[in-house]
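Participant:
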Amino acid sequence: MLSKSEAVELAAEFVKAMYPDKMASLVMLPDKCEEYGFGWAIRFDWKEHIETGNPVDAPFTSVVVVPHHGEAAHWPPTALPVAEYMRRREVGDWPSVDRRSGGY
Numbered sequence: 001m002l003s004k005s006e007a008v009e010l011a012a013e014f015v016k017a018m019y020p021d022k023m024a025s026l027v028m029l030p031d032k033c034e035e036y037g038f039g040w041a042i043r044f045d046w047k048e049h050i051e052t053g054n055p056v057d058a059p060f061t062s063v064v065v066v067p068h069h070g071e072a073a074h075w076p077p078t079a080l081p082v083a084e085y086m087r088r089r090e091v092g093d094w095p096s097v098d099r100r101s102g103g104y
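According to the numbering used here, the sequence shown holds residues 1 to 104 in order.
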């Protein structure tokens, strides 16, 4: 299982890869991270949002999921609360295949 600090590092790498133009603005929030049976929910924000409080400056989602067992870091679905998604992943109540492939 990953430690919190390892998960924060992996989440930061993931966000930087997704938003290379925002690397200087990335602020990891380790005190707001939560551990679940499936993995870590790692919180982050943009410096501009922290400074202004303006929702326009906030990330669309401010959580990265870092699974304990080697799966890639990823965004959680926005249709569910993070805790519900993590619970479903832990008990295996989540599709294991991306059903979107070739569907666009």
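By construction, the Cβ of each residue, glycine as well, lies at the ideal position given by its N, Cα and C atoms.
Jot down the residue ranges of each uninterrupted beta strand (DSSP E) in the region 18-59, minimum 3 residues, whole runs only, in chain order.
Facilitator: The qualifying runs are 26-28, 39-46.
Participant: In whole angstroms, what separates the C-alpha of residue 81 from that of residue 94?
Facilitator: Locating residue 81 in the sequence shown gives position 81, counting from the first residue. Locating residue 94 in the sequence shown gives position 94, counting from the first residue. Cα to Cα, residue 81 sits roughly 14 Å from residue 94.
Participant: Whose C-beta lies closer than 7 Å to the C-beta of residue 85 among residues of the same chain, with five residues either side of it excluded?
Facilitator: Residue 85 sits at position 85 when you count from the first residue of the sequence shown. So the list reads 76, 77, once near-sequence residues are dropped.
Participant: Answer yes if the region 10-25 comes into contact with the region 55-73, meaning at least three C-beta pairs across the two stretches below 8 Å, and no otherwise.
Facilitator: yes
Participant: Measuring CA to CA, which of 79, 73, 4, 92 is closest to residue 35?
Facilitator: As a working note, residue 35 is residue 35 in the sequence shown. If we check each option's Cα against that of residue 35, 4 comes out closest.
Participant: With 16 other CB atoms within 10 Å as the buried threshold, where does residue 15 fall?
Facilitator: In the sequence shown, residue 15 corresponds to position 15, counting from 1. With 16 or more Cβ atoms within 10 Å of its Cβ, residue 15 is classed as buried.
Participant: Starting from residue 68, follow its DSSP beta bridges and name the residues at the other end.
Facilitator: Counting from 1 along the sequence shown, the entry for residue 68 is found at position 68. Paired residue(s): none; residue 68 is not in a bridge.
Participant: Do residue 69 and residue 1 have their CB atoms nearer than 9 Å?
Facilitator: Indexing the sequence shown from 1 puts residue 69 at position 69. Indexing the sequence shown from 1 puts residue 1 at position 1. Their beta carbons are under 9 Å apart, which means residue 69 touches residue 1 by this criterion.
Participant: Which whole-angstrom value is the C-beta distance of residue 114 and residue 22, which I expect to be below 8 Å?
Facilitator: Limits of the chain in this structure are 1 at one end and 104 at the other, which puts residue 114 out of reach.
Participant: Mind checking who residue 63 pairs with in its DSSP beta bridge?
Facilitator: Against the sequence shown, residue 63 aligns to sequence position 63. Its beta-bridge partners are 43.
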